Each structure stands twice: as structure tokens, then as C-alpha cells.
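One point on numbering: in the working numbering, the residue at position 49 of the sequence shown is 77, and numbering is uninterrupted.
Report on the structure given below.
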Amino acid sequence: MSNEAIQAQLASIIEDVIQTSVGADDLLIESGLIDSLTAVDVVLAVKRTFGCRFPATEIDEHLESLNTLTAYVAAHRTL
């Protein structure tokens, strides 16, 4: 699966959770688009879809933006 396909699927997951569209460079947590509760929903959906595990101490880092999440998932997906 290409990074573009991964990013499109991740955007869909995030947009389903937060009910708004996101750009590749939008700061998800810093801007308030994702809070601690929605972060859990996103992480669980990404885990179900791609098989990625997120160390609890790194969630904020990987959910910084759609681009950072895409890079993490591309490197760590198992499905």
C-alpha cells in the first residue's frame, strides 16, 4: 500500500472521529482538533485498520499531523 493510500485511509479515520476535514499538515492536537478522548478513538481505529501499536508516551508525537501519523503507520503497520 502506498503512502498516499495510507494517508487517505488515515484522513478518513480521523475525519470520521472528529467530524471535520483535515489537511496533511494540520496540527491535530496542538490546534485542538484532537483531544485526549478523540485521540484514543483514532488510535484504536488505526490499530484495527493497520495493526499498529502506539506506545502511550508517543501518541502525541505520532498524532501531531496527518503527515506524521502516515509516516508512523507506513513504518509500523502489520496489516
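Idealized CB from N, CA, C, for every residue including glycine.
Remember, predicted model here, so these are calculated numbers, not experimental data.
Item, Value
"Burial state of Thr-48, where buried means 16 or more other Cβ atoms lie within 10 Å", "exposed"
"Three-way DSSP call (helix, strand, coil) for Gln-47 in this model", "coil"
"Anticipated Cβ contact below 8 angstroms, Leu-55 with Ser-93, distance rounded", "6 angstroms"
"From Ala-67, Phe-78, Thr-77 and Ala-102, residue whose alpha carbon lies closest to that of Glu-86", "Ala-67"
"Cβ-based burial, Thr-98 [other Cβ within 10 Å; buried from 16]", "buried"
"Asp-88, DSSP secondary structure in three states", "helix"
"Ala-33 versus Arg-81, Asp-69 and Thr-77, residue with shortest Cα-Cα distance", "Thr-77"
"Limits of the alpha helix (DSSP H) - the one that Phe-108 falls within", "Summary: the structure shown does not reach residue 108, with the chain confined to residues 29 through 107, and so no result is reported for it."
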